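There are 2 protein chains.
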Amino acid sequence: MMAQAVSNIRRPRARKTGPLRREEDMSAQARIDGVPIGAPSLDIIMARLAAIVGDRASAAPGVRADHGRSEAYHAARPPDVVVFPETTAEVQAIVNLCRELDLPLVPFGAGTSLEGNAAALHGGVCLDMGRMNQMLEIHAEDMDVRVQPGITRKQLNAQLRDTGLFFPIDPGADASIGGMTSTRASGTMAVRYGTMKDNVLALEVVLADGRAIRTARRAKKSAAGYDLTRLFVGAEGTLGVITEITLKLHPQPEAISSAVCAFPDLKAAVDTAIGVIQSGVPVARIELLDAVMMRGMNLHSRLGLPEVPHLFFEFHGSSAYVTEQAETAQAIAADNGGQGFQWAVTPEERTRLWHARDNTLYAGLALRPGAKAMITDVCVPISRLADCLVDTAADLVECGLVAPVVGHVGDGNFHLLVLIDPQDPEELARAKAFNERLVRRAIALDGTCTGEHGIGMGKMDFLALELGEAVDAMRLLKGALDPHGILNPGKIFKPHPPTQGSAP
Amino acid sequence: MMAQAVSNIRRPRARKTGPLRREEDMSAQARIDGVPIGAPSLDIIMARLAAIVGDRASAAPGVRADHGRSEAYHAARPPDVVVFPETTAEVQAIVNLCRELDLPLVPFGAGTSLEGNAAALHGGVCLDMGRMNQMLEIHAEDMDVRVQPGITRKQLNAQLRDTGLFFPIDPGADASIGGMTSTRASGTMAVRYGTMKDNVLALEVVLADGRAIRTARRAKKSAAGYDLTRLFVGAEGTLGVITEITLKLHPQPEAISSAVCAFPDLKAAVDTAIGVIQSGVPVARIELLDAVMMRGMNLHSRLGLPEVPHLFFEFHGSSAYVTEQAETAQAIAADNGGQGFQWAVTPEERTRLWHARDNTLYAGLALRPGAKAMITDVCVPISRLADCLVDTAADLVECGLVAPVVGHVGDGNFHLLVLIDPQDPEELARAKAFNERLVRRAIALDGTCTGEHGIGMGKMDFLALELGEAVDAMRLLKGALDPHGILNPGKIFKPHPPTQGSAP
Chain A
1 MMAQAVSNIR RPRARKTGPL RREEDMSAQA RIDGVPIGAP SLDIIMARLA
51 AIVGDRASAA PGVRADHGRS EAYHAARPPD VVVFPETTAE VQAIVNLCRE
101 LDLPLVPFGA GTSLEGNAAA LHGGVCLDMG RMNQMLEIHA EDMDVRVQPG
151 ITRKQLNAQL RDTGLFFPID PGADASIGGM TSTRASGTMA VRYGTMKDNV
201 LALEVVLADG RAIRTARRAK KSAAGYDLTR LFVGAEGTLG VITEITLKLH
251 PQPEAISSAV CAFPDLKAAV DTAIGVIQSG VPVARIELLD AVMMRGMNLH
301 SRLGLPEVPH LFFEFHGSSA YVTEQAETAQ AIAADNGGQG FQWAVTPEER
351 TRLWHARDNT LYAGLALRPG AKAMITDVCV PISRLADCLV DTAADLVECG
401 LVAPVVGHVG DGNFHLLVLI DPQDPEELAR AKAFNERLVR RAIALDGTCT
451 GEHGIGMGKM DFLALELGEA VDAMRLLKGA LDPHGILNPG KIFKPHPPTQ
501 GSAP
Chain B
1 MMAQAVSNIR RPRARKTGPL RREEDMSAQA RIDGVPIGAP SLDIIMARLA
51 AIVGDRASAA PGVRADHGRS EAYHAARPPD VVVFPETTAE VQAIVNLCRE
101 LDLPLVPFGA GTSLEGNAAA LHGGVCLDMG RMNQMLEIHA EDMDVRVQPG
151 ITRKQLNAQL RDTGLFFPID PGADASIGGM TSTRASGTMA VRYGTMKDNV
201 LALEVVLADG RAIRTARRAK KSAAGYDLTR LFVGAEGTLG VITEITLKLH
251 PQPEAISSAV CAFPDLKAAV DTAIGVIQSG VPVARIELLD AVMMRGMNLH
301 SRLGLPEVPH LFFEFHGSSA YVTEQAETAQ AIAADNGGQG FQWAVTPEER
351 TRLWHARDNT LYAGLALRPG AKAMITDVCV PISRLADCLV DTAADLVECG
401 LVAPVVGHVG DGNFHLLVLI DPQDPEELAR AKAFNERLVR RAIALDGTCT
451 GEHGIGMGKM DFLALELGEA VDAMRLLKGA LDPHGILNPG KIFKPHPPTQ
501 GSAP
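What follows is the structure in structure tokens.
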């Protein structure tokens with residue numbers, strides 16, 4: 001390999017002068033073996049990485065490109081180098097190297113995140129956790145499992161099949177458990193089983209100073225000190241690199257049944273969802289799909305359902321209890337004008353239904369071949385959901401965008417897949433303006449700009465709008481745990497002082 | 001009031017030189033109106049407090065004493081002054097005053113904590129939140145409520161009675177919601193409804209710099225930045241002062257039934273609990289009481305039950321589902337030798353049963369009138385629980401202590417009420433040594449030294465034993481959010497560098 005200088009491997013000046021960098025640390029930066037450098041050459045970096053991981057580091061353009069793009073609309077931001085660690089000790093050595101060389105370090109899971117969460121905004125080293133994908137230890141009696149971060153949720157559930165247990169969090173994509181932890185993922189079953197914050201018992205994390213810590217032991221609950229586990233869940237790799245995750249598991253339900261129900265309008269569907277939740281029925285999934293999305297799903301998955309708003313339900317429990325839950329839900333749906341409550345009882349029918357649901361991204365894209373989707377992610381208190389949806393539908397008509405809706409309606413979280421040509425600057429700008437109005441609408445209703453996708457690079461401006469000076473507290477935590485700012489820099493918030501509550 | 005100097009109002013030298021204090025801040029300390037002082041006189045402090053809260057501040061010995069003692073065995077540690085704020089703005093002004101005068105500030109709820117969590121170890125100002133006890137806003141459709149921290153759980157549930165909703169976390173004592181939040185409390189219903197970390201949606205917190213932040217909005221879930229909510233839950237007032245709490249509520253169950261069942265030994269009872277949890281029955285409570293505790297309960301509550309290990313059950317749900325759950329549990333109990341499954345179906349019977357359970361502290365003390373209880377709090381993975389209990393029972397016999405057991409067995413959390421004469425140094429030392437062996441046993445089984453009481457002043461030495469270098473990460477967070485170390489100093493961990501994994 002040529003001893004070329006790597007222009008983007010040094011982070012831009014803006015990051016270096018941010019408050020996350022302490023002046024007294026500057027003298028310790030940018031040295032190799034004690035010799036100060038300007039921009040370390042790629043050769044030096046590769047040689048240092050080879051000493052840690054052998055040939056499991058690559059600067060090949062194809063590998064870099066694979067780690068810079070996502071399924072979202074964001075422009076690709078490839079790293080300079082991709083490294084594939086296999087052990088926590090290797091991760092520690094890589095973190096130490098990046099700190100020494102002042103290189104950005106971006107942890108990377110399955111690449112399914114939607115807000116550019118793992119984009120290498122400042123170049124540097126991408127830490128692909130894909131080879132750390134083992135299930136390390138299962139405790140069936142305690143219903144927990146310890147895994148490496150690179151295992152995907154489908155791989156995990158395949159390995160759990162014979163234990164009588166399963167891991168319920170289902171964000172649609174076959175994401176890695178590490179990525180799901182880092183973005184505080186949730187998805188269709190969160191209404192029953194909670195989000196990642198509720199299903200991670202403990203973590204092993206490599207801190208920016210190279211030490212590996214364990215955030216908690218395996219007890220089901222603890223009041224021992226600060227909740228470090230939940231601090232790293234959702235931190236998007238900006239506070240440490242997650243190297244092990246202990247997850248709660250749940251008993252595979254004795255019986256499962258699913259159903260679909262058509263509604264005359266969105267409000268009737270939302271009122272049904274509110275009624276079901278308030279009735280105390282522990283519905284396992286309750287998904288809203290609007291008429292436009294149903295058209296896309298008919299196109300993509302040949303569902304053959306009427307193109308009006310629908311709820312998809314799933315119920316888990318004993319046979320008798322599943323029947324009781326479903327009858328309660330059906331009665332509430334009927335009270336709200338729901339029609340044609342159709343059951344999917346066999347595993348094949350259920351699989352077809354939820355496979356179609358998991359593929360709503362492609363169903364949406366089927367409505368406009370060649371488009372990309374800007375996927376919105378607001379979440380509001382459920383009492384405000386109908387208002388938020390109706391106002392948003394009117395806004396869509398006004399601004400002339402096509403955007404099918406799919407929602408985790410039991411949690412008040414919904415996505416619009418705003419179909420755009422990302423090469424068309426006017427359309428992109430129009431979509432961004434629409435999303436900003438949506439976020440402001442959600443926040444005005446006491447909601448959040450992101451229910452489950454995280455802030456990444458896409459929603460940084462909205463965070464201060466949502467949480468005001470609380471973002472300063474986050475900055476203080478970042479400065480304490482990553483004083484050199486090497487961990488996934490440029491994500492969640494900008495390092496400069498906050499624009500308190502100002503417009504994004 | 002005389003212009004007396006207050007000897008203990010300045011914190012001891014050891015705290016001032018700890019790493020939580022930054023040298024560059026020293027010059028800003030200990031000044032009033034720009035004039036440096038040695039130890040501010042009580043008169044000056046009272047005058048400054050009066051300017052904020054009028055006559056709602058007291059240095060009367062009785063008031064101080066009331067805020068220094070607890071139900072636990074720890075020696076009383078009264079504050080110098082007790083102040084009773086009524087608004088967030090007053091709390092902000094008090095925090096600013098304490099920072100200016102370098103005074104410790106200790107938030108105080110109902111005084112029911114068990115590890116000296118609100119003891120004024122270094123004197124200073126006790127912030128009694130009892131006058132901030134309002135329910136501010138209820139959203140029945142969203143099943144959430146915003147309250148002030150001083151409201152107790154019983155006050156809250158009394159106000160919720162007509163809404164069809166309730167707040168399930170029940171630590172036994174009528175604790176304040178702020179205190180329960182700060183200690184990450186849980187109790188008998190955590191097995192079904194989770195702990196405080198699972199039931200707090202958002203907080204308003206006054207930071208050490210005097211700013212009030214809101215940690216989250218009211219959406220049921222969010223992936224917007226670091227999980228500040230859960231950072232303050234369980235921080236025991238060391239990172240900020242909680243001034244508002246938004247809680248999740250739950251539907252009042254349509255039907256409730258309770259039952260008691262006797263077992264031949266502890267292991268049979270624990271195996272029943274494991275079986276019930278694994279069966280997927282969402283048991284609302286499942287409490288273990290050993291033979292010694294049953295004797296105490298018969299003495300104190302005249303339960304008239306056989307003095308052998310028992311499980312107390314409660315089931316919530318629809319009538320049909322409650323019956324199904326109870327039948328499943330009864331069958332599992334019978335498989336494990338459980339006898340005399342007795343139902344408490346009427347509200348009166350249930351109340352009598354759970355009132356007796358809530359009063360196990362007094363039941364334990366009834367076994368040795370005049371004694372105090374050192375209440376242990378380990379929590380282990382449920383598969384290790386029988387081993388931990390059996391070994392602990394043998395240890396008790398060996399060291400000659402009397403200690404009835406009550407356990408949240410579905411979570412692997414159990415308490416021994418070690419009955420001691422706190423005036424007898426030998427007995428106190430013997431009890432402390434027993435507790436240390438218990439904690440080491442629990443940690444060796446991958447458990448925690450505290451399931452729900454917190455670290456406070458009583459378990460600081462165990463925290464490093466349990467979490468090793470993770471405690472350093474906690475110290476970094478404390479330093480970032482409370483650089484002057486004014487908030488509940490001397491709790492959770494000692495400010496000096498950790499003794500990594502060393503013996504307590």
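Chains as they are written, first to last, in UniProt numbering: chain A, 1 to 504; chain B, 1 to 504.
Glycine included, each C-beta is placed from N, C-alpha and C at the ideal position.
Note that this is a predicted model, so its numbers are computed, not measured.
Beta-carbon proximity check, residue i vs residue j, cutoff 9 Å
i	j	result
residue 192 of chain A	residue 284 of chain A	yes
residue 42 of chain A	residue 456 of chain A	no
residue 210 of chain B	residue 108 of chain B	no
residue 287 of chain A	residue 263 of chain A	no
residue 325 of chain A	residue 270 of chain A	no
residue 367 of chain B	residue 402 of chain B	yes
residue 382 of chain B	residue 338 of chain B	no
residue 314 of chain B	residue 257 of chain B	yes
residue 449 of chain B	residue 462 of chain B	yes
residue 238 of chain B	residue 432 of chain B	no
residue 120 of chain A	residue 106 of chain A	yes
residue 226 of chain B	residue 240 of chain A	no
residue 293 of chain B	residue 360 of chain B	yes
residue 230 of chain A	residue 146 of chain B	no
Residues bridged to residue i [DSSP beta-bridge criterion]
i	result
residue 58 of chain B	B/82
residue 242 of chain B	B/205
residue 406 of chain B	B/289, B/415
residue 374 of chain A	A/418
residue 506 of chain B	There is simply no residue 506 of chain B to check, as chain B begins at 1 and stops at 504 in what is shown.
residue 257 of chain B	B/315
residue 342 of chain A	A/260
residue 152 of chain B	B/176
residue 487 of chain B	B/105
residue 165 of chain B	B/251
residue 213 of chain B	B/205
Whole-number beta carbon distance between residue j and residue i, since they are thought to touch under 8 Å
i	j	result
residue 373 of chain B	residue 418 of chain B	7 Å
residue 481 of chain A	residue 207 of chain A	6 Å
residue 124 of chain A	residue 104 of chain A	3 Å
residue 195 of chain A	residue 174 of chain A	Actually they are not in contact, since the Cβ atoms of residue 195 of chain A and residue 174 of chain A sit about 18 Å apart, beyond 8 Å.
residue 200 of chain A	residue 274 of chain A	Actually they do not touch by this definition, with Cβ atoms about 29 Å apart.
residue 343 of chain B	residue 259 of chain B	5 Å
residue 243 of chain B	residue 91 of chain B	5 Å
Residue i burial status per 10 Å Cβ neighbour count (16 or more: buried)
i	result
residue 161 of chain A	exposed
residue 415 of chain B	buried
residue 484 of chain A	buried
residue 486 of chain B	buried
residue 221 of chain B	buried
residue 80 of chain B	buried
residue 404 of chain B	buried
residue 170 of chain A	buried
residue 424 of chain B	exposed
residue 100 of chain A	buried
residue 397 of chain B	exposed
residue 454 of chain A	buried
Neighbour flag for residue i against chain D, beta carbons, 9 Å
i	result
residue 278 of chain B	Absent from the structure is chain D; the protein chains it does hold are A and B.
**Message:** Suppose only complete runs of 4+ residues qualify. What are the alpha helix (DSSP H) ranges in the segment 409-464 of chain A, listed by chain order?
**Reply:** 425-444
**Request:** Entirely within the segment 287-337 of chain B and at least 3 residues each: give me those beta strand (DSSP E) ranges in chain order.
**Result:** 310-317
**Request:** For the segment 66-150 of chain B, list the beta strand (DSSP E) runs that are entirely contained and at least 3 residues long, ordered along the chain.
**Result:** 81-83, 105-108, 125-128, 135-139, 144-147
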